[in-house]
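J.: Pasting in a structure now, in structure tokens, and then I'll have a few things to ask.
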């Protein structure tokens, strides 16, 4: 069958237009209220069930991701940052920043099974399908803790240096880690548990959120008012896209090629296309302090935690954060 150049161009334009249309359709669909106080960080969607796991100060709130109804609470996770789930083992894991450990819980009952010591101030936590390991990014001890979820034992500690934020895997044995105070990406070999190299993010500074587009061999790091795209084949910067202020997270939808950044200080979400080109498609309003984000790639819904905040006093020190108004914690659900 002969395919003309015109047909190929038309198909490319059609795909681009579809992505643009998908981006502009996103709107606030629901708001889930959570009646408890305290700070928050990451949240995790279980795409194979109806559950949404939300980090919240000393506990993890488990919600129905469709209705917002409370399913349960995982307690005693002081300073919790993130949640990783391993459905094949029926277990979940929380990174408890102030306890320097991981809580292991049963996915069905939400009962706590055990705790595992980590490095200092574990921040993001993830499960790597390639190595079959749980990994925590430890901000204060500047290293990674590698855990075998079958035995619930630490099998390696990888010194990296710098304040580590979050990580993504290429599912081939390489791990990419945001290094916030060095403004770099650390590249880790998970076969040998060693650091291969460090890639500069300049002009990007203080990376926080990180996602990977495996199809196009790219990672996207959210920096201060900037999204930096890096080619994972050579570490070179492909593109930089201006985003809103105060971003602490990112999400990626592999089926649409859309990257989302949660810009908490700007109260916006930036939507970027990762394809033949990388471009900002849309900026939509969210709410102030909605700085982290998670996506359900089956429903394409995105979830952002936030709360109403008191005004920062005029005489407060520079960089002081506003205080949360009790009883206003909520999850914003954006849909197409």
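In our numbering, the protein residues as written are 2 to 337. Ideal Cβ positions, reconstructed from N, Cα and C, are used throughout, including at glycine.
Tell me which residues share the same chain as residue 323 and place their Cβ nearer than 6 Å to its Cβ, disregarding the 5 neighbours each side in the sequence.
T.: Taking the first residue of the chain shown as position 1, residue 323 is located at position 322. So the qualifying residues of the chain are 310, 311 and 313.
J.: Could you give the first and the last residue of the continuous beta strand (DSSP E) run that contains residue 45?
T.: As a working note, residue 45 is residue 44 in the chain shown. That run of the beta strand (DSSP E) goes 41–46.
J.: Which residue from 229, 219 and 146 puts its Cα closest to that of residue 201?
T.: One-based indexing of the chain shown puts residue 201 at position 200. Out of 229, 219 and 146, 229 has the C-alpha closest to the C-alpha of residue 201.
J.: Buried or exposed: which applies to residue 112, given that a residue is buried once 16 or more other Cβ atoms fall within 10 Å of its Cβ?
T.: Start at 1 with the first residue of the chain shown, and residue 112 comes out as number 111. Classification for residue 112: exposed.
J.: Quick one: what does DSSP say residue 24 is sitting in, helix, strand or coil?
T.: Mapped onto the chain shown, residue 24 falls at position 23. If DSSP states are grouped into helix, strand and coil, residue 24 belongs with the helices.
J.: State the CB to CB distance for the pair residue 118 and residue 101, rounded to an integer number of angstroms; the pair is presumed to be in contact (CB under 8 Å).
T.: If you number the chain shown from 1, residue 118 lands on position 117. If you number the chain shown from 1, residue 101 lands on position 100. Confirmed, about 7 Å.
J.: Check whether the Cβ atoms of residue 83 and residue 43 sit closer than 7 Å, and answer yes or no.
T.: Translated into the one-based positions of the chain shown, residue 83 becomes position 82. Translated into the one-based positions of the chain shown, residue 43 becomes position 42. Against a cut-off of 7 Å, the Cβ pair of residue 43 and residue 83 comes out as a contact.
J.: For residue 224, tell me which candidate among 263, 75 and 195 has the shortest Cα-Cα distance.
T.: In the chain shown, the residue the question calls residue 224 occupies position 223. Selected option, being the one with the closest Cα: 263.
J.: Any heavy atom of the ligand MN within a distance shorter than 6 Å of the CB on residue 196?
T.: The model on display carries no ligand, and the ligand MN is accordingly not part of it.
J.: Buried or exposed, going by whether 16 or more other CB atoms sit within 10 Å of the CB of residue 317?
T.: The sequence position of residue 317 within the chain shown is 316, counting from 1. By the beta-carbon neighbour count (other beta carbons within 10 angstroms, threshold 16), residue 317 is exposed.
J.: Near residue 284, which residues of its chain fall below 6 Å by C-beta distance, leaving aside the five closest residues on each side in sequence?
T.: The residue you call residue 284 lines up with position 283 of the chain shown. Here the set comprises 269 and 271.
J.: Touch check for the stretch 50–65 and the stretch 24–41: three-plus C-beta pairs under 8 Å?
T.: Taking 8 Å as the limit for Cβ pairs, the verdict is that the stretch 24–41 does touch the stretch 50–65.
J.: Any idea which residues DSSP pairs residue 280 with across the strands?
T.: On the chain shown, residue 280 is found 279 positions in, with the first residue counted as 1. According to DSSP, residue 280 bridges with 274.
J.: If you count every other CB in all the chains shown that lies within 10 Å of the CB of residue 197, and 16 or more means buried, which is it?
T.: Here residue 197 corresponds to residue number 196 of the chain shown, with the count starting at 1. By the neighbour-count rule (16 or more Cβ atoms within 10 Å), residue 197 is not buried but exposed.
J.: CB-CB under 7 Å to residue 292, same chain, minus the five flanking residues each way: which ones, in chain order?
T.: Residue numbering aside, residue 292 sits at position 291 when the chain shown is read from its first letter. Taken in chain order, the residues that qualify are 247, 248, 249, 250, 263 and 265.
J.: Who are the Cβ neighbours of residue 209 in its own chain at under 6 Å, not counting the five residues just before and after it?
T.: Walking along the chain shown from the start, residue 209 turns up at place 208. Within the same chain, and ignoring the five residues on either side of residue 209 in sequence, the residues whose Cβ sits closer than 6 Å to its Cβ are 166, 223 and 249.
J.: For residue 189, count neighbouring Cβ atoms within 10 angstroms of its own Cβ and tell me buried if that reaches 16, exposed if not.
T.: Within the chain shown, residue 189 is the residue found at index 188, counting from 1. Per the 10 Å Cβ criterion, buried.
J.: Using the C-alpha atoms, what's the distance from residue 141 back to residue 149?
T.: Against the chain shown, residue 149 aligns to sequence position 148. Against the chain shown, residue 141 aligns to sequence position 140. Answer to the nearest angstrom: the Cα atoms are 22 Å apart.
J.: In this structure, how does DSSP classify residue 330 when only helix, strand and coil are distinguished?
T.: As a first step, residue 330 must be located in the chain shown, where it is residue number 329. The answer is coil: DSSP assigns residue 330 none of H, G, I, E or B.
J.: Do you know whose CA, among 107, 95, 36 and 303, lies nearest residue 26's CA?
T.: Numbered from its first residue, the chain shown carries residue 26 at position 25. Taking only the C-alpha atoms, the option nearest residue 26 is 303.
J.: Report the residue ranges of all beta strand (DSSP E) runs contained in full by the stretch 50–93; include only those spanning at least 3 residues, in chain order.
T.: 52–57, 60–65, 71–75 and 81–87
J.: In angstroms, rounded to a whole number, what distance separates the CA positions of residue 99 and residue 122?
T.: Within the chain shown, the letter at position 98 stands for residue 99. Within the chain shown, the letter at position 121 stands for residue 122. Approximately 6 Å between the Cα atoms of the pair.
J.: Within a Cβ cutoff of 7 Å, which residues of the same chain sit near residue 78, ignoring the five residues on either side of it in sequence?
T.: Working through the chain shown from its first residue, we reach residue 78 at position 77. Here the set comprises 59, 60, 61, 95, 97 and 104.
J.: According to DSSP, is residue 181 helix, strand or coil?
T.: The residue labelled residue 181 in the question sits at position 180 within the chain shown. Correct three-state label for residue 181: coil.
J.: What are the complete beta strand (DSSP E) segments, minimum 3 residues, inside the stretch 280–328?
T.: 295–297 and 302–307
J.: Starting from residue 337 and walking both ways along the beta strand (DSSP E), at which residues does that stretch end?
T.: Within the chain shown, residue 337 is the residue found at index 336, counting from 1. Careful: residue 337 lies outside any beta strand (DSSP E) and carries neither H nor E.
J.: Could you give the first and the last residue of the continuous beta strand (DSSP E) run that contains residue 167?
T.: By one-based count along the chain shown, residue 167 stands at place 166. Per DSSP, residue 167 belongs to the beta strand (DSSP E) from 165–170.
J.: Using the C-alpha atoms, what's the distance from residue 147 back to residue 220?
T.: Your numbering for residue 220 matches position 219 in the chain shown. Your numbering for residue 147 matches position 146 in the chain shown. Taking the straight line from one Cα to the other gives about 22 Å.
J.: Does the beta carbon of residue 87 come closer than 7 Å to any beta carbon on chain C?
T.: You won't find chain C in this structure, because it holds only one protein chain.
J.: Cα separation between residue 32 and residue 46?
T.: Position 31 of the chain shown, counting from 1, holds the residue named residue 32. Position 45 of the chain shown, counting from 1, holds the residue named residue 46. Those two C-alpha atoms are separated by around 16 Å.
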